[in-house]
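The block underneath contains the structure these notes are about, expressed in structure tokens.
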Amino acid sequence: MIQRLTIIIICIIFVFLWGCVKKPIIKPEPVPPVVEDTGEEPSARFIDWQSIPELKTINFDFDKSDLSQYACKILSGNAQYLKSHQELDIIVEGHCDERGSSEYNLALGQHRASIVREYYGKLGIKLSRIATISYGEEKPVDSMSREDAWAKNRRAETKIRLKK
Numbered sequence: 000m001i002q003r004l005t006i007i008i009i010c011i012i013f014v015f016l017w018g019c020v021k022k023p024i025i026k027p028e029p030v031p032p033v034v035e036d037t038g039e040e041p042s043a044r045f046i047d048w049q050s051i052p053e054l055k056t057i058n059f060d061f062d063k064s065d066l067s068q069y070a071c072k073i074l075s076g077n078a079q080y081l082k083s084h085q086e087l088d089i090i091v092e093g094h095c096d097e098r099g100s101s102e103y104n105l106a107l108g109q110h111r112a113s114i115v116r117e118y119y120g121k122l123g124i125k126l127s128r129i130a131t132i133s134y135g136e137e138k139p140v141d142s143m144s145r146e147d148a149w150a151k152n153r154r155a156e157t158k159i160r161l162k163k
């Protein structure tokens, strides 16, 4: 009887310990940049987009995506150039500083890019020419962790390429 009770207890302990085996932790893949693709926009998946001096970058206040009067003036100048060069596709890249989570910064960068795209549309540029992408905090122009660097990193860049 004691022998059977001992075997049953050992079996219960074995089953209990078997259930406590740790499962391996699988690290998630890095999140790729968010690409807005409505089917009307040119594809943002190519790497041949170029910055040119005629197209100026605009900056945003911390945690904001609204356009200042100064930013609107810069975008108006950009729009004049873009309207006179119909052979170009356009991409607006949204960027953020390092503060905030990666997910939040990707969403904020996308919202900034979309706001610029909409403004270009109001200025007479066909939205079908304009793609948007967010890089969040992934492509800083200044990697220092201080306010002047963060201010430079909160931006929207307009880039171009020849239509495919």
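So the sequence shown is residues 0 to 163, counted in numbering that gives the first Met the number 0.
Note that the Cβ used here is the ideal one computed from N, Cα and C, for glycine as well.
For this session: Determine, using beta carbons only, whether Phe-59 and Arg-153 come nearer to each other than 8 angstroms.
Result: Taking a C-beta distance under 8 angstroms as the contact criterion, Phe-59 and Arg-153 qualify as a contact pair.
Problem set entry | Gly-123 to Leu-74 span [Cα, whole Å] | The alpha-carbon atoms of Gly-123 and Leu-74 are separated by roughly 12 angstroms.
Exercise. How is His-94 classed by DSSP in three states: helix, strand or coil?
Worked result: In the displayed model, His-94 falls within a strand according to three-state DSSP.
Exercise. For the putative contact between Leu-126 and Arg-116, defined by C-beta atoms under 8 angstroms, what is the C-beta separation to the nearest angstrom?
Worked result: Leu-126 to Arg-116, Cβ: 7 angstroms. Contact.
For this session: Report the three-state DSSP secondary structure of Leu-87 (helix, strand or coil).
Result: DSSP places Leu-87 in strand when its eight states are reduced to three.
Exercise. Going by the CB atoms, is the gap between Thr-157 and Ile-54 shorter than 8 angstroms?
Worked result: For the record, residue 54 in the displayed sequence is Leu; it is not Ile. By the CB criterion at 8 angstroms, Leu-54 and Thr-157 fall inside the cutoff.
Problem set entry | Alpha carbon of Tyr-118 to alpha carbon of Ser-67, nearest angstrom | In a straight line, the C-alpha of Tyr-118 is about 12 angstroms away from that of Ser-67.
For this session: Return yes when the Cβ of Ile-159 is within less than 8 angstroms of the Cβ of Gln-49, no when it is not.
Result: The Cβ-Cβ distance between Gln-49 and Ile-159 falls below 8 angstroms.
For this session: Give me whichever residues DSSP pairs with Gly-108 in a beta bridge.
Result: According to DSSP, which records beta bridges pairwise, Gly-108 is partnered with nothing at all.
For this session: Identify every residue that forms a DSSP beta bridge with Leu-161.
Result: DSSP output for Leu-161 lists Leu-87 as bridge partner(s).
For this session: Look up Arg-3 in the DSSP assignment and say whether it is helix, strand or coil.
Result: Helix at Arg-3.
For this session: State the CB to CB distance for the pair Glu-86 and Lys-162, rounded to an integer number of angstroms; the pair is presumed to be in contact (CB under 8 angstroms).
Result: That belief holds up - the Cβ atoms of Glu-86 and Lys-162 are roughly 6 angstroms apart, short of 8 angstroms.
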